[in-house]
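Take a look at the structure below.
Protein chains: 2
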Amino acid sequence: MEMKALSKASTIYEVAQRAGVSIATVSRALRDSDLVTADTRAKVRAAAAELRFTPNRSGRSLAEGRHAANGIVFPDLVGPYYAEVVLGYEEAAAAVGSSVLILATHGRADAAAAVQELAGRVDGLAIMGQTVGDDVVRDIAATGLPLVLLARDPVPGVDTIRTRNERTAGQLTEHLLGHGHRGFAFLGDPAGSPDVAGRYTGLAAALRRHGLIPPAPVPCGLDLDSGERAARGLLTRPPDAVVCANDEIALGVHLAAERRRIHIPGDVAVTGWDDLMAARFAHLTTVAQPMRELGTVAARWLHRRIGERAARTGRPTAVRRRVLPTQLVVRRSCGTHPSEVHR
Amino acid sequence: MEMKALSKASTIYEVAQRAGVSIATVSRALRDSDLVTADTRAKVRAAAAELRFTPNRSGRSLAEGRHAANGIVFPDLVGPYYAEVVLGYEEAAAAVGSSVLILATHGRADAAAAVQELAGRVDGLAIMGQTVGDDVVRDIAATGLPLVLLARDPVPGVDTIRTRNERTAGQLTEHLLGHGHRGFAFLGDPAGSPDVAGRYTGLAAALRRHGLIPPAPVPCGLDLDSGERAARGLLTRPPDAVVCANDEIALGVHLAAERRRIHIPGDVAVTGWDDLMAARFAHLTTVAQPMRELGTVAARWLHRRIGERAARTGRPTAVRRRVLPTQLVVRRSCGTHPSEVHR
DNA sequence: GTGAAAGCGCTAACAC
DNA sequence: GTGTTAGCGCTTTCAC
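This is the structure we're talking about:
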């Protein structure tokens with residue numbers, strides 16, 4: 001049967017009429033309810049196909065009282081870091097039938113409003129890092145919307161997933177000390193993010209254990225350019241080792257050193273954090289984080305909370321906290337140990 | 001005034017009651033209609049704030065007949081490539097008040113169903129690369145939903161944005177020929193994506209112009225591992241130059257060469273495509289694409305089409321096609337020219 | 001300027 | 001099994 005192109009999406013009423021049944025039957029047939037005969041189902045499916053019918057999600061959501069969608073809020077997607085988290089989140093959410101809404105705050109001033117609006121569109125929300133203040137988190141949590149915080153300091157009553165910073169930063173420091181480095185610099189702003197704070201704390205603690213005085217952190221944005229800029233000052237009289245809050249900063253230092261013909265690790269050791277793909281090719285010693293898993297776990301936790309809420313089954317599970325392990329990845333930039341295997 | 005935590009999102013009715021007005025007035029006040037006095041507006045705002053009221057989007061969407069959300073479909077987010085596009089898209093969409101829904105198909109078999117379902121949630125949809133077949137695109141287009149295809153062969157009646165492949169691949173080839181390379185290999189599957197096909201075509205055409213016989217392409221996935229695997233066979237007897245369909249493949253070749261102590265570019269020249277961050281640190285000659293812009297333009301076009309549709313203003317604008325320029329980025333991996341500036 | 005009421009497209013009782 | 005119908009939460013005429 002020839003069809004003319006439709007300029008407007010068709011509704012369940014049209015499908016019902018075409019199939020010669022009621023809208024209730026269409027609804028049932030299309031959602032594989034076992035309250036319809038195979039015959040009816042086929043008839044309805046045929047009509048729906050002819051009309052290229054796709055149920056309007058707003059109608060369905062309103063009736064069901066759920067959105068079948070989750071949201072994730074992150075500062076940006078420029079580095080590969082957040083992209084990985086989002087991907088893991090999307091994958092796990094899709095696996096349980098949820099769509100995913102993303103929101104990049106870009107440090108916008110109206111981020112709070114955007115997150116609030118997002119909260120009205122989803123059944124659960126993951127909030128990463130320093131995107132909005134604790135007040136916003138508390139407000140949203142107060143509405144009962146399932147929430148999970150990612151790579152961010154906990155807020156009472158809200159689930160949180162983080163990655164291990166202090167301990168691994170300690171290991172990294174020990175490793176650098178093992179290379180004989182004694183003069184350290186730290187590039188990054190502990191006040192800007194709890195992750196950075198944890199990394200600095202771990203470094204400082206390890207140095208103190210060895211009787212060394214930790215350097216004051218050199219405040220620095222988390223991107224390549226900031227790293228390069230910050231390195232300019234630092235490299236006029238390079239320390240033994242520059243511990244960077246993340247890979248992008250370290251890569252920026254790498255570029256600055258290259259430009260000045262300062263050799264890494266001969267003249268100065270450099271380390272990063274995140275294990276980006278670029279780190280491998282810059283031979284950067286760094287710390288690998290399970291970013292994908294961060295997203296996956298967040299989506300699973302949310303799914304569970306959403307289920308709990310829908311079931312209205314008494315008190316929900318206690319607040320959950322998890323710290324995912326991270327792993328030191330030794331490459332050349334921290335100093336050369338003949339005994340070490342570089343990959 | 002003290003408030004107890006709410007376990008359920010409040011509705012416009014509760015706000016209306018608290019403010020002592022009708023729901024119509026609440027609706028108006030909250031959306032800054034000038035049909036309410038400043039006094040009333042203040043009263044309503046206060047009530048809404050106390051109740052932590054966020055309008056339910058399903059209700060609003062249903063009433064307005066629009067979702068205020070756009071979707072974007074991509075195969076994956078693993079490489080930094082798609083992440084950039086998505087980011088550009090999100091940014092531009094957010095700027096015009098649209099939320100963004102993402103869908104990664106991961107080569108899933110039920111991708112078509114997922115895309116169809118997504119189509120029912122959005123006012124416009126961007127579809128990237130080889131995520132779903134043309135039949136799905138045509139079906140969705142037939143419903144009248146504004147659509148834009150990204151990095152993909154056009155479908156009649158649907159807007160398309162691509163990046164330049166053939167011409168720049170020709171420039172790249174000329175450059176390699178200028179280094180004196182004559183024996184070429186191409187890593188990538190032209191049948192797998194129109195982008196790859198264009199790059200291969202550009203290479204082949206340039207070689208023919210110089211009286212050389214183009215090599216048959218070596219089929220290869222677009223990720224690092226595939227590149228490394230494909231390189232293993234190739235590097236037993238390396239050609240002069242290996243032109244890779246993207247950076248990840250080229251970086252895989254880089255790793256394989258490193259392992260075999262084959263020197264780039266001394267023993268073999270290698271080039272990529274995309275200009276990922278890692279390419280810079282691997283000194284990879286490649287081609288930069290305006291990925292962010294791809295997303296931005298897509299979101300803008302969709303916004304325009306959505307406007308046209310809502311206005312029902314006669315015939316819509318003609319189908320649009322755009323090819324965004326790409327740019328050769330020369331680094332060390334293609335061969336050393338003393339005269340060239342490397343960055 | 002404000003309120004009453006009619007939908008928007010769908011699901012889910014409830015009736016038959 | 002299938003149909004009827006009452007909402008879901010919101011926007012938007014239409015009265016006043």
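The listed protein sequences correspond, in order, to chains A and B.
What the first sequence shows, in full-length UniProt numbering, is residues 1 to 343, in sequence order.
What the second sequence shows, in full-length UniProt numbering, is residues 1 to 343, in sequence order.
Glycine is no exception: its CB is placed at the ideal position from the N, C-alpha and C atoms.
Quick one: does residue i have its CB under 7 Å from some CB of chain B?
| i | result |
| --- | --- |
| residue 59 of chain A | yes |
| residue 159 of chain A | no |
| residue 341 of chain A | Confidence in residue 341 of chain A is poor, its pLDDT being 47 and thus under 50, which makes the residue's placement too unreliable to answer from. |
| residue 116 of chain A | yes |
| residue 307 of chain A | no |
| residue 228 of chain A | no |
| residue 90 of chain A | yes |
| residue 97 of chain A | no |
| residue 54 of chain A | yes |
| residue 80 of chain A | yes |
| residue 6 of chain A | Note that residue 6 of chain A has pLDDT 40, beneath the 50 cutoff, so the model's placement of it is unreliable and the number below is only indicative. Judged by the 7 Å Cβ criterion, residue 6 of chain A is in contact with chain B. |
| residue 9 of chain A | yes |
| residue 288 of chain A | no |
| residue 83 of chain A | yes |
Sorry if obvious, but does the Cβ on residue i come closer than 6 Å to a heavy atom of the ligand ADP?
| i | result |
| --- | --- |
| residue 151 of chain B | You won't find the ligand ADP in this model; it holds no ligand whatsoever. |
Can you pull the DSSP bridge partners for residue i?
| i | result |
| --- | --- |
| residue 185 of chain B | B:242 |
| residue 365 of chain A | This structure gives no information on residue 365 of chain A, because the portion of chain A shown stretches from 1 to 343. |
| residue 274 of chain A | A:288 |
| residue 74 of chain A | A:104 |
| residue 269 of chain A | A:241 |
| residue 148 of chain B | B:126 and B:159 |
Quick one: does residue i have its CB under 7 Å from some CB of chain A?
| i | result |
| --- | --- |
| residue 277 of chain B | yes |
| residue 101 of chain B | yes |
| residue 31 of chain B | no |
| residue 120 of chain B | yes |
| residue 282 of chain B | yes |
| residue 104 of chain B | yes |
For residue i versus residue j, is the C-beta distance shorter than 7 Å?
| i | j | result |
| --- | --- | --- |
| residue 241 of chain B | residue 176 of chain B | yes |
| residue 285 of chain B | residue 273 of chain B | no |
| residue 136 of chain B | residue 151 of chain B | no |
| residue 291 of chain A | residue 50 of chain A | no |
| residue 326 of chain A | residue 164 of chain A | yes |
| residue 59 of chain B | residue 62 of chain A | yes |
| residue 57 of chain B | residue 121 of chain A | yes |
| residue 80 of chain B | residue 276 of chain B | yes |
| residue 44 of chain B | residue 68 of chain B | no |
| residue 148 of chain A | residue 298 of chain A | yes |
| residue 288 of chain B | residue 270 of chain B | no |
| residue 255 of chain B | residue 218 of chain B | no |
| residue 92 of chain B | residue 304 of chain B | no |
| residue 247 of chain B | residue 279 of chain B | yes |
| residue 207 of chain B | residue 243 of chain B | no |
If you reduce the DSSP assignment to three classes, tell me which class residue i lands in.
| i | result |
| --- | --- |
| residue 99 of chain A | strand |
| residue 282 of chain A | coil |
| residue 201 of chain A | helix |
| residue 163 of chain B | strand |
| residue 69 of chain B | strand |
| residue 327 of chain A | strand |
| residue 307 of chain A | helix |
| residue 342 of chain A | Here the model assigns residue 342 of chain A a pLDDT of 45, short of 50, so the residue's position is not dependable and the matter cannot be decided. |
| residue 88 of chain B | helix |
| residue 124 of chain B | strand |
| residue 261 of chain B | coil |
| residue 28 of chain B | helix |
| residue 218 of chain A | strand |
| residue 320 of chain B | coil |
| residue 210 of chain A | coil |
| residue 61 of chain B | helix |
| residue 235 of chain B | coil |
| residue 225 of chain B | helix |
| residue 5 of chain A | Caution applies to residue 5 of chain A, whose pLDDT of 38 falls short of 50 and renders its modelled position unreliable; the value that the coordinates give is listed next. Reduced to three states, the DSSP call for residue 5 of chain A is coil. |
Note to self: Taking beta-carbon pairs under 8 Å, can you tell me which members of the stretch 61 to 75 of chain B lie near chain A?
What the structure shows: 61, 62, 67 and 69
Notebook entry, point to check: When you check each C-beta in the stretch 136 to 155 of chain A against every C-beta of chain B, which residues fall closer than 9 Å?
Noted result: 139, 140, 141, 142, 143, 144 and 145
Check: Quick one, which residues of the stretch 238 to 256 of chain A are near chain B if we go by CB-CB under 9 Å, in chain order?
Finding: 248, 251, 254 and 255
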